[in-house]
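If you read the protein sequences in the order shown, they are chains A and B. For what it's worth, the working numbering labels the leading residue of the first sequence as 1, then goes sequentially. For what it's worth, the working numbering labels the leading residue of the second sequence as 279, then goes sequentially. A virtual CB, placed ideally from N, CA and C, is assigned to each residue, including glycine. Down below is the structure, laid out as structure tokens.
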Amino acid sequence: KRLTILKLESLWSDFEMGLLESDVALPVVEELRDGVIDDLLDKRVGLGMHVSHLVDKSLKKAIDSILIEPDIDLGKMIVKGKPLIIMFVGVNGSGKTTTIAKLAWALKKEGHTSMVAASDTFRAGAIEQLEKHCENLGLKLVKHKPGGDPAAVAYDAIEYARAHRKDVVLIDTAGRMQTNVNLMAEMEKIKRVAKPDLIIFVGDALTGNDAIDQAEKFNASVGIDGIILTKIDSDAKGGAALSIGSTIKKPILFLATGQDYEDLVPFDKGWFMERLFA
Amino acid sequence: SLSDALRNALKKIALLGRIDEASIKEVVRDIQRALLKADVNVKLVLRVTNNIEKRALSEKVPPGINPREHVIRILYDELVQVMGQGRSLPLDKQRIMLVGIYGQGKTTSAAKIARFLQKKGLKVGLVQADTHRPGAYDQLKQLAGQIGASFYGDKEEKNSVKLVKRLLAQTEKKDVLIIDTSGRHRLEKDLIDEMKSIAEVGKPGERLLIVDSTMGQAAGEQAKAFHEAIGLTGVVLTKMDGSAKGGGALSSVAETEAQIVFVGTGEKPDDIEIFDSTRFVSQLLG
Ligand SMILES: Nc1nc2c(ncn2[C@@H]2O[C@H](COP(=O)(O)OP(=O)(O)OP(=O)(O)O)[C@@H](O)[C@H]2O)c(=O)[nH]1
Ligand SMILES: Nc1nc2c(ncn2[C@@H]2O[C@H](COP(=O)(O)OP(=O)(O)OP(=O)(O)O)[C@@H](O)[C@H]2O)c(=O)[nH]1
Ligand SMILES: [Mg+2]
Ligand SMILES: [Mg+2]
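And the structure:
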């Protein structure tokens, strides 16, 4: 017999609940539903075949095709004599500054020299926070006075990197709401001046549906090359990875899993799928 | 104010002139979509919409009211019931402790609440009890400087419980003391214990959970854990100047019975508002 839309929809509602509770944004859940129903509608079901198992398989296939395999290898991108410029962006409190420190540590362990640009010139204690991290990791920090021009800080850092043959420049920017037109324009200016090789969006895994709007607007504004999702250790199911990944079709490069410099792991599709369906 | 989707769904009832099962089911489905997109907890959405459906079909439409208005009233009523009316902080001597997950806005809110109470004529001191985050001391000290509030901290002390005990002994002349603590989440047993110890030593009359309005489905469980640890007296909802609807706030209230005290609407010390339940619900649905 063939699968009907009624049968599929009734089975789908359990899967839908699970996805929503794992923080996959509603529009993405609906997209997955359409994909699964498309895939299975009118399909012949043999005796003994469990339809819910078919839905499960189809869903996993759909998710697997949404998640882009991380194809950026930072180490391989480093060209001797020319600093690799990486700019970090995202909304307030998502974990940009801490993630920069972790990435610098990972690069250091692989034998690459990195330095940091304190382009968050607005928030209280932002420069001091970076100073502490750079002190811990033995990294050069380029900073201006608080209230200074973020683009100018990035520019100076890149000049320094060229003069001192640093492999990587990590540009820390201030958190900003994707709906704040002035701050989005400020971010675009930093990009114009710094001409980064990579722009990485740092997203909080605890984020719900707003992840879609964040990803869309940041991508439309400066273009995102890769995503790092933070606070995975807070037991966030991480559905935001799917929301963001499917919205802007960019790879998730790393997951941040805690407070320490070690807490940064390369994104693994299989691990993620297992966690989402746990 | 309702989103276009909801307004369209309700049009059918307006045109029908009455509420029948088919039309209310359609409206309920659209309400569910709106609430889910606003990050309201999935099970809470089902509970609320089941109530709405039952009431819409069983309660008589009051005379002179369009059945469409009747449904809207039930919708608002159900959500405001879950949300609560909010509460105000007493404009009096008090100790306030701020807790919450990493990066949600505790330190910034400490300065905002301090500024708010200063404008009411109270002398406020900010107590820096985050011994974990690099730059935490400087961040709160600079904010205190910006608003002219007293600042108590110690860059060297690594034990936050000892620190709070010692700092509170130096703060006699202040009406209000706001204790800013480190970020933490419910799975970190040692940090939850630290939070309990700080509360035991600091004895704050107000224990406020800071909740980021962009939080998704995790909000309820996290709030519950904080509540079970130290007993929350209020919630502060932050980053409402963005596009997030703050649906996680419903769970934070539903799971803890703590009311929302303030709403953060920006990064500066003045960016704080008193919570308005009806306005919140209309933003949720808008
Ligand atoms: N548990 C946990 N906490 C994290 C993680 N990443 C960052 N944090 C914490 O989240 C808080 C905010 O991190 P920051 O690095 O300051 O975030 P940010 O995006 O730079 O913040 P703004 O510059 O203010 O926008 C800090 O307390 C960090 O220690 C993570 O992967 N897990
Ligand atoms: N736009 C906006 N930003 C906010 C609001 N509240 C806080 N922020 C920003 O959110 C980021 C994190 O705020 P913090 O006050 O450092 O958060 P926290 O909870 O103390 O962080 P931890 O101590 O690391 O756990 C900062 O960039 C703040 O400026 C708000 O209401 N609106
Ligand atoms: Mg930062
Ligand atoms: Mg803080």
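Check, Outcome
"Endpoints, the alpha helix (DSSP H) within which glycine 48 (chain A) is located", "That residue, glycine 48 (chain A), is in no alpha helix (DSSP H); it is neither H nor E in DSSP."
"Sequence-distant residues of its chain with Cβ nearer than 6 Å to threonine 534 (chain B) (five each side left out)", "Ala501, His505 and Leu510"
"Threonine 385 (chain B) CB to nearest heavy atom of ligand 4 below 8 Å", "yes"
"Min CB distance glycine 526 (chain B) to chain A below 9 Å", "yes"
"Alpha helix (DSSP H) segments (min. 4 residues) lying fully within the region 455-483 of chain B", "467-480"
"Interface positions of the region 388-415 of chain B facing chain A (Cβ-Cβ less than 9 Å), listed along the chain", "Ala389, His410, Arg411, Pro412, Gly413, Ala414 and Tyr415"
"The region 469-478 of chain B in contact with the region 178-186 of chain A per 3-pair CB rule at 8 Å", "no"
"Segment contact, 8 Å Cβ cut-off, at least three pairs: the region 372-384 of chain B with the region 477-485 of chain B", "yes"
"is_contact[aspartate 210 (chain A), chain B] using C-beta, thresh 9 Å", "yes"
"8 Å CB neighbourhood of leucine 253 (chain A) in its chain, flanking five on each side removed", "Pro70, Ile72, Ile200, Gly226, Ile227, Ile228, Pro266 and Phe267"
"Chain A contacts made by the region 494-524 of chain B, where a contact means CB separation under 7 Å", "Gly494, Gln495, Ala496, Lys517, Asp519, Gly520, Ser521 and Ala522"
"Classification of leucine 465 (chain B) by the beta-carbon crowding that lies within 10 angstroms, buried from 16 upward", "exposed"
"Partner residues on chain A for lysine 315 (chain B), Cβ-Cβ distance less than 7 Å", "Leu26 and Asn209"
"Residues near lysine 433 (chain B) by beta carbon distance below 6 Å, same chain, minus five either side", "Tyr415"
"Below-9 Å beta-carbon distance, lysine 419 (chain B) vs any chain A residue", "yes"
"contact_flag[the region 232-250 of chain A, the region 200-213 of chain A] where n(CB pairs < 8 Å) is 3 or more", "yes"
"Cβ-based burial, alanine 282 (chain A) [other Cβ within 10 Å; buried from 16]", "Any question about residue 282 (chain A) goes unanswered here, given that chain A covers just 1 to 278."
"Alpha-carbon spacing of isoleucine 248 (chain A) relative to valine 24 (chain A), whole angstroms", "14 Å"
"Within chain A, partners of glycine 431 (chain B) - CB distance below 9 Å", "Those within 9 Å of glycine 431 (chain B) in chain A number zero; the least Cβ separation is about 12 Å."
"Closer than 8 Å: serine 221 (chain A) CB and nearest ligand 4 heavy atom", "no"
"Cutoff 9 Å: leucine 255 (chain A) Cβ touching any chain B Cβ", "no"
"Nearest residue (CA-CA) to arginine 162 (chain A), options A:Ala194, A:Pro251 and A:Met17", "A:Ala194"
"beta-carbon lysine 517 (chain B) near ligand 2 non-hydrogen atom, thresh 8 Å", "yes"
"Contacts around leucine 421 (chain B), its chain only, beta-carbon distance under 6 Å, and the 5 residues preceding and following it disregarded", "Ala389"
"Sequence-distant residues of its chain with Cβ nearer than 8 Å to lysine 481 (chain B) (five each side left out)", "Arg373"
"As assigned by DSSP and simplified to three states, the class of serine 114 (chain A)", "strand"
"Where proline 266 (chain A) sits in the DSSP three-state scheme", "strand"
"Chain-ordered neighbours of serine 234 (chain A) on chain B, where CB pairs are closer than 8 Å", "Ile379, Tyr380, His463, Arg464, Leu465, Ala496 and Gln500"
"Ligand 2 heavy atom lying under 8 Å from the CB of aspartate 549 (chain B)", "yes"
"For glutamate 545 (chain B) and serine 52 (chain A), the rounded distance between their alpha carbons", "48 Å"
"Burial state of alanine 278 (chain A) (16 or more Cβ within 10 Å)", "exposed"
"Interface positions of the region 117-128 of chain A facing chain B (Cβ-Cβ less than 9 Å), listed along the chain", "Phe122, Arg123, Ala124, Gly125, Ala126, Ile127 and Glu128"
"Straight-line Cα distance separating isoleucine 302 (chain B) from valine 29 (chain A)", "24 Å"
"DSSP beta-bridge partners of tyrosine 430 (chain B)", "B:Val405"
"Exposed unless 16 or more other CB atoms sit within 10 angstroms - verdict on histidine 463 (chain B)", "buried"
"Positions along the region 478-495 of chain B whose CB lies within less than 9 Å of some CB in chain A", "Asp490, Ser491, Thr492, Met493, Gly494 and Gln495"
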